[in-house]
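Visitor:
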Amino acid sequence: MAVKKILTYGTPSLREPSKEVHKVSAKIKTLIQDMFDTMYMNNGVGLAAPQIGVNLRVFVIDCSTGDEPLKPLVFINPKIIKKSGATLSQEGCLSFPEAYTEVKRYKDVMVKALDRNGKPFVMEAKDGTLLARCIQHENDHLDGILFIDHTTNRFEADKVLAEHKLPPVEVENLLDEPELDEALQNGK
Ligand code: ZN
Numbered sequence: 342m343a344v345k346k347i348l349t350y351g352t353p354s355l356r357e358p359s360k361e362v363h364k365v366s367a368k369i370k371t372l373i374q375d376m377f378d379t380m381y382m383n384n385g386v387g388l389a390a391p392q393i394g395v396n397l398r399v400f401v402i403d404c405s406t407g408d409e410p411l412k413p414l415v416f417i418n419p420k421i422i423k424k425s426g427a428t429l430s431q432e433g434c435l436s437f438p439e440a441y442t443e444v445k446r447y448k449d450v451m452v453k454a455l456d457r458n459g460k461p462f463v464m465e466a467k468d469g470t471l472l473a474r475c476i477q478h479e480n481d482h483l484d485g486i487l488f489i490d491h492t493t494n495r496f497e498a499d500k501v502l503a504e505h506k507l508p509p510v511e512v513e514n515l516l517d518e519p520e521l522d523e524a525l526q527n528g529k
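The sequence shown finishes on residue 529 if you use my numbering, and the numbering steps up by one all the way, no holes.
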């Protein structure tokens with residue numbers, strides 16, 4: 342068991358794209374275990390490897406709640422192969438302690454990845470569920486994208502960040518998402 346230090350917003354490596362995993366080695370399995378230990382210890386629902394300083398394309402998720410049994414999911418070299426609809430979502434991130442703000446997300450996604458044994462799988466998450474949003478959030482980390490880049494209101498986001506003594510929104514990283522804007526307007 343190894344709980345790692347989570348890098349906070351402002352750390353340059355959080356903005357770096359991560360590299361593909363070539364082999365699901367013992368080292369990768371240890372990394373995955375450390376990621377779960379770190380995520381559970383911090384009461385998170387997802388964690389991406391770059392958040393503990395490892396720029397590899399791996400993230401873990403567990404969306405179980407309350408007394409439900411744990412549902413640990415591992416995604417190695419994930420690719421979102423289908424996305425549609427749009428939804429607004431209050432999100433936070435373990436790299437932004439206590440700071441929550443509204444962001445735009447796709448409602449439905451399909452992701453292809455390798456599991457912890459290196460076996461390929463496809464997963465569909467629909468209706469803007471926590472899992473659907475979480476997959477997008479964690480997948481973004483692997484490309485150096487952070488949830489505030491999807492903010493619906495950057496002034497509101499700046500306020501929240503300042504309240505939590507975090508650096509302001511990085512305007513150059515804000516995403517232009519006409520597809521999501523259109524879907525939101527049409528109520529899809
Ligand atoms: Zn995050």
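Glycine residues also receive a C-beta, built at the ideal position from the N, C-alpha and C atoms.
#1: Pick out the complete alpha helix (DSSP H) segments inside the segment 424-508, 4 residues or longer, and give them in chain order.
#2: Is any heavy atom in the ligand ZN found nearer than 7 Å to the beta carbon of H505?
#3: I'd like the list of long-range same chain contacts for S354, defined as Cβ closer than 8 Å, with 5 residues on each side in sequence excluded.
#4: Short check: CB of F462 to CB of Y350, under 8 Å?
#5: In this structure, does DSSP put I347 in helix, strand or coil?
#6: For V415, which of H363, I476, N383 has the nearest alpha-carbon?
#7: What are the boundary residues of the beta strand (DSSP E) that includes I393?
#8: For a test of your reading of the model: does the CB of S359 fall under 7 Å from any non-hydrogen atom of the ligand ZN? Yes or no.
#9: Would you mind working out which of H482, V401, E357, D522 sits nearest T282, comparing C-alpha positions?
#10: If you draw a straight line from the C-alpha of E409 to the C-alpha of G385, how long is it?
#11: Within the chosen definition, does the segment 364-381 reach the segment 443-453 through at least 3 CB pairs nearer than 8 Å?
#12: Just to confirm the assignment, what range does the beta strand (DSSP E) spanning V365 have?
#13: In terms of residue numbering, what span does the alpha helix (DSSP H) encompassing P519 cover?
#14: Closest to M342 by C-alpha separation, out of D522, H505, Y381, would be which residue?
#15: Rank M464, A524, L487, G387 by C-alpha distance to the C-alpha of L515 and give the top, closest one.
Guide: With the structure as the only source:
#1: Counting whole runs of 4 or more residues, the segment 424-508 contains the alpha helix (DSSP H) stretches 471-482, 495-504.
#2: Along the sequence shown, read from residue 1 onward, the residue named residue 505 stands at position 164. No - the ligand ZN has no heavy atom lying nearer than 7 Å to the Cβ of H505.
#3: On the sequence shown, residue 354 is found 13 positions in, with the first residue counted as 1. These residues qualify, in order along the chain: L348, P391, G394, N396.
#4: Residue mapping note: residue 462 aligns to position 121 of the sequence shown, counting from 1. Residue mapping note: residue 350 aligns to position 9 of the sequence shown, counting from 1. For F462 and Y350, no; Cβs fall outside 8 Å.
#5: To locate residue 347, count along the sequence shown from 1; it is residue 6. In the structure shown, I347 sits in coil (DSSP, three-state: anything other than H, G, I, E or B).
#6: Along the sequence shown, read from residue 1 onward, the residue named residue 415 stands at position 74. For the residues H363, I476, N383, the minimum Cα distance to V415 belongs to I476.
#7: Here residue 393 refers to the residue found at position 52 of the sequence shown. According to the DSSP assignment, I393 belongs to no beta strand (DSSP E), since it is labelled neither H nor E.
#8: In the sequence shown, counting from the first residue as 1, residue 359 sits at position 18. Not so, every heavy atom of the ligand ZN lies at least 7 Å from the Cβ.
#9: Look at the range of the chain in this structure, 342 to 529, and you will see that residue 282 is not part of it.
#10: Locating residue 409 in the sequence shown gives position 68, where the first residue counts as 1. Locating residue 385 in the sequence shown gives position 44, where the first residue counts as 1. In a straight line, the C-alpha of E409 is about 15 Å away from that of G385.
#11: Because the criterion of three Cβ pairs below 8 Å is not met, the segment 364-381 and the segment 443-453 do not touch.
#12: Along the sequence shown, read from residue 1 onward, the residue named residue 365 stands at position 24. Run containing V365: none; DSSP gives neither H nor E here.
#13: Along the sequence shown, read from residue 1 onward, the residue named residue 519 stands at position 178. Start and end: 519-526.
#14: Position 1 of the sequence shown holds residue 342. Comparing Cα-Cα distances from M342 to each of D522, H505, Y381, the minimum goes to Y381.
#15: The count along the sequence shown starts at 1 and reaches residue 515 at position 174. The candidate whose alpha carbon is nearest that of L515 is L487.
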